[in-house]
Amino acid sequence: MNQMSPAGALAVTRNLIDLERGSDELLLVNSFYMRPLYVARGKERVRRVLSAAAPGLSLEGLTSACPQDVDLIHMLRDHRILIDTAADKERFDQSEIEAAAAPRRLDRMTAYLLLTESCNLGCIYCLNGAASYRKHGLSKMSLGVALRSITTCLEQLSPGGALEVAFFGGEPLLNWPLLKEVMRRCETELQPRYSDKKITYHLTSNLTVGPKDLVEQIKGRDFTVMSDIDGPADIHDRCRPYRHGGPSHARIVKTMRRLVDAGIPVALRATITSVNQDRLLDIAAHHKELGASNSAFVPVCPVDSDPAFLPDDLLPDPDRLIAGLSEVYRSGLWDKEHLFPFNQYRLKLRPGARQITACAAPSGTTPVVRVNGDVYLCIYLVGQEKYRFGTLGSPWDRRPLTETMLALHVDNLEECRACPWRYACGGGCPVMKLAPLAGVAKSPRAMDYGRRINCDLTRAVLEELLWEKADEVKISLAQEPQPDAAALTERARFC
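Per our numbering, the very first residue in the sequence shown carries number 11; after that it's consecutive.
Structural data, given as structure tokens:
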């Protein structure tokens, strides 16, 4: 055990995640240091020690006051549940926040190329607003725009860095000839020129378009595929019909099976609305039946890119959504490495991890390039001039990125800076915080829904994962006697 001897006064951390279960179990985490402490037995004993750590009391004073609990006190110090107010950081200072927002060479990027802003589906929750996206025209990206955008990203990568070229839309397969030519030119021209950097590919598609050579072009390349199936046909076809009407499920499944039968992994996601909120287990089983490599459950975003709020009656009930996700997770239909959001949230709980924002967009690692070459920091913010930080032929202007990073840092967000969960959560999806909603007809329900998805859902998922790790420790305790308080191993891998 690490016997620490701080010089300052002790205090219970302000970043304390404090969870109880049953009559005697306790799980404590200082989210700034992320070293969970699981107490299998003796909850009240721990509570007494924490209560005895009155403000201003030193380590020596606390051990004198609780001589029978010296080992426990040191364990609480080791896990920063008790902090030394003179030596232990509890938050980032402003210089550190500004340093995190400063430009730097990047190790990894995903460039989202909107090969077209047109789409053949008429999803009931489409994120692409009619005013900000050219949805219904024949908008297509040119080869020149695509290659120059990829080159710009490669120039920003550090040696050894990786660029994922994500073909996005609209529906990218409506511009299939460009997609194929981009890959060919990457492999014959750009990869040789940037031999110290790696280029991979990703396709997000509705898979209603099935080019004859789709499998031939994808197979053998470093290529991932994702599509959206919102449930069995009776659900999906209500949520994602063709733009002019008619079901899309059967056509998507046909294309997907071509890929899966060829050994190409296809990840599936379901966008959760009021239509399918009570069928999450059915959706998970359907994804498994179709041969998906991953299953993702994504609550619908309540605002589109224009911005405009979705109808209130389309938003799922957060409580039913949380209960349904928990049921899917505990069912064991999918292992946790292949079930979103659990697989990604596990990364937030790695020892020492600190989430200062909830997504990578403000860092500039996920640029979204429109058909005309304009660059935005998020697919939900396309068309919003404030969040356009580049255009073809001009250097990228990092000021929107820096301003956004500073605004979204959890220690700068008014609604987050006092929350003990903030370094585990990162503040949630920032779209509702960034969308210029001035002048937009307000939707109190949408605002409350957005807050609850960011806070309540995130917390519920993290709690589920923390208790799962505690259960692993509990099993080991049952097999071999241990002290009352048992720490989750720092070497535990969450990825």
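For glycine and all other residues, C-beta sits at the position ideal for the given N, C-alpha and C.
From which residue to which residue does the beta strand (DSSP E) around residue i run?
| i | result |
| --- | --- |
| Phe319 | Looking at the DSSP string, Phe319 is not in any beta strand (DSSP E), and its letter there is neither H nor E. |
| Gly256 | Premise fails: Gly256 is in no beta strand (DSSP E) and is neither H nor E. |
| Pro169 | Leu167 to Phe178 |
| Phe42 | No beta strand (DSSP E) holds Phe42; DSSP gives it neither H nor E. |
| Pro187 | From DSSP, Pro187 is part of no beta strand (DSSP E) but of the alpha helix (DSSP H) over Trp186 to Arg195. |
| Ala454 | Correcting the residue identity first, residue 454 is Pro in this sequence and not Ala. Note, Pro454: premise wrong, no beta strand (DSSP E); alpha helix (DSSP H) at Pro454 to Arg462. |
| Gly400 | Arg398 to Gly400 |
| Leu20 | Leu20 to Val22 |
| Ile27 | Leu26 to Arg31 |
Please report how far the alpha carbon of residue i lies from the alpha carbon of residue j, in whole angstroms.
| i | j | result |
| --- | --- | --- |
| Ile274 | Arg427 | 44 Å |
| Glu199 | Asp384 | 23 Å |
| Val263 | Asp94 | 58 Å |
| Ala445 | Arg462 | 17 Å |
| Ser168 | Ser61 | 49 Å |
| Phe307 | Pro77 | 50 Å |
| Ala456 | Ser404 | 37 Å |
| Asp34 | Pro328 | 29 Å |
| Gly342 | Tyr459 | 28 Å |
| Arg253 | Glu181 | 12 Å |
| Trp190 | Met151 | It is worth fixing the name first, because residue 190 is Lys in this sequence and not Trp. Distance between the alpha carbons of Lys190 and Met151: 13 Å. |
| Asn422 | Leu416 | 7 Å |
| Leu38 | Tyr390 | 36 Å |
| Gly18 | Leu467 | 37 Å |
| Val276 | Leu20 | 52 Å |
| Asp28 | Glu474 | 14 Å |
| Gln354 | Val471 | 10 Å |
| Arg114 | Asp271 | 42 Å |
| Ala64 | Gly301 | 57 Å |
Please look up how many angstroms separate the CB atoms of residue i and residue j, rounded, as I've assumed it's under 8 Å.
| i | j | result |
| --- | --- | --- |
| Tyr433 | Ser41 | 4 Å |
| Ser453 | Asp316 | About 14 Å separates the two Cβ atoms, so there is no contact after all. |
| Leu224 | Leu125 | That pair is no contact at about 14 Å. |
| Trp344 | Ser305 | 5 Å |
| Cys136 | Cys249 | Wrong, their Cβ atoms sit about 11 Å apart, outside the cutoff. |
| Met507 | Arg279 | With the chain running from 11 to 505 in the structure shown, residue 507 is simply not present. |
| Cys369 | Pro440 | 7 Å |
Taking 7 Å as the limit between beta carbons, can you name the residues of its chain near residue i, skipping five residues before and five after?
| i | result |
| --- | --- |
| Ala495 | Confidence in Ala495 is poor, its pLDDT being 46 and thus under 50, which makes the residue's placement too unreliable to answer from. |
| Glu425 | none |
| Met25 | It is worth fixing the name first, because residue 25 is Asn in this sequence and not Met. Once the five neighbours on either side are set aside, the close Cβ partners of Asn25 are Asn40, Ser41, Phe42, Glu100, Pro430 and Tyr433. |
Please determine whether the Cβ atom of residue i lies at a distance below 8 Å from any heavy atom of the ligand ATP.
| i | result |
| --- | --- |
| Phe42 | The ligand ATP is not part of this structure, which contains no ligands at all. |
Take residue i and list the residues in its own chain whose beta-carbon comes closer than 6 Å to its own, dropping the five residues that flank it on each side.
| i | result |
| --- | --- |
| Met119 | Cys163, Leu173 and Thr375 |
| Ala497 | Reliability fails at Ala497, whose pLDDT of 43 lies under 50, so the model's placement of it is uncertain and no value is given. |
| His259 | Ala243, His246 and Asp247 |
| Cys196 | Ile209 |
| Val379 | Leu123, Ser159 and Val385 |
| Thr265 | Leu217 and Gly220 |
| Thr234 | His212 |
| Tyr512 | Outside the modelled stretch of the chain, which goes from 11 to 505, sits residue 512, for which no answer is possible. |
| Val192 | Ala156 |
Would you mind reading off the limits of the alpha helix (DSSP H) that contains residue i?
| i | result |
| --- | --- |
| Gly334 | Pro328 to Ser341 |
| Asp481 | Thr468 to Gln489 |
| Leu357 | Phe352 to Lys358 |
| Thr414 | Arg409 to Leu418 |
| Tyr433 | Arg432 to Cys435 |
| Met442 | Val441 to Leu444 |
Using a Cβ-Cβ cutoff of less than 8 Å, which residues in the same chain neighbour residue i once the five nearest sequence positions on both sides are dropped?
| i | result |
| --- | --- |
| Arg409 | Phe399 |
| Arg469 | Trp431 and Cys435 |
| Val80 | Thr73 |
| Leu325 | Thr283, Ser284, Val310, Pro312, Arg455, Ala456 and Tyr459 |
| Phe102 | Ala110, Ile366, His419 and Asp421 |
| Asp117 | Leu167, Ser168, Gly170, Gly171 and Ala172 |
Point to revise | Contiguous alpha helix (DSSP H) assignments of at least 4 residues, all confined to the segment 69 to 105 | key: 69 to 75 and 80 to 88
Check your understanding: Considering only residues of the segment 44 to 70, which uninterrupted alpha helix (DSSP H) runs meet the minimum length of 4 residues and lie entirely inside it, listed in chain order?
Key -> 53 to 62
Review point. For the segment 211 to 270, which segments carrying the alpha helix (DSSP H) assignment without a break, of at least 4 residues, lie completely within its bounds, in sequence order?
Key: 224 to 228 and 243 to 249
Check your understanding: Can you list the alpha helix (DSSP H) stretches of 4 or more residues lying completely in the segment 278 to 307, in chain order?
Key -> 290 to 299
Check your understanding: What are the complete beta strand (DSSP E) segments, minimum 3 residues, inside the segment 105 to 174?
Key -> 116 to 124
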